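Visitor: Residue numbers (my numbering): 4 to 95. Where a beta carbon is used, it is the ideal one built from N, C-alpha and C, also for glycine. For clarity, every value in this text was computed on a predicted model and none was experimentally measured.
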Amino acid sequence: LLFYSPDVFSPNGDGINDAFRVSIVGYEDFELFIFDRWGNELFNTNNPEEGWNGTYSNGQEVPQDVYMYKVYMTNEGSGDEKLEKGRVSIIK
């Protein structure tokens, strides 16, 4: 059961690292949450292929800053559950 998260991404439209995505192996259920420094939820998804593009829900770009994430993962077969928390910086 593996988890990897980048610590920086650059949503500037150049096609390189434009979205924040985590990588998981061995988990069947997944949920990703992104928060600003005040704890406001900015993004969530159940799809590990879907990444956060560095925008608010209204489509406006968030400022260059550090954001927090939480990832909940479970493996129904083995009963393993895991919570990963961390920070990701946006560089523009």
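Have a look at the DSSP bridge pairing and note the partners of residue 5.
Guide: 28
Visitor: Per DSSP, which one or two residues make a beta bridge with residue 78?
Guide: 83
Visitor: Could you check the C-alpha separation between residue 46 and residue 73 for me, to the nearest Å?
Guide: Rounded to whole angstroms, residue 46 to residue 73 spans 11 Å at the Cα level.
Visitor: Could you work out which residue in 71, 27, 80, 82 is closest to residue 53 when comparing CA atoms only?
Guide: 27
Visitor: Can you tell me which of the three DSSP states residue 47 falls into?
Guide: strand
Visitor: According to DSSP, is residue 94 part of a helix, a strand, or is it coil?
Guide: Here residue 94 sits in coil by DSSP.
Visitor: In the DSSP assignment, what are the bridge partners of residue 69?
Guide: DSSP lists 92 as partners of residue 69.
Visitor: Let me know if residue 7 comes out buried or exposed under the rule of 16 or more other beta-carbons within 10 Å of its beta-carbon.
Guide: The residue in question, residue 7, is exposed, as its Cβ has fewer than 16 Cβ neighbours within 10 Å.
Visitor: Apart from the five residues just before and just after residue 32, which ones in its own chain have a Cβ nearer than 6 Å to its Cβ?
Guide: 77
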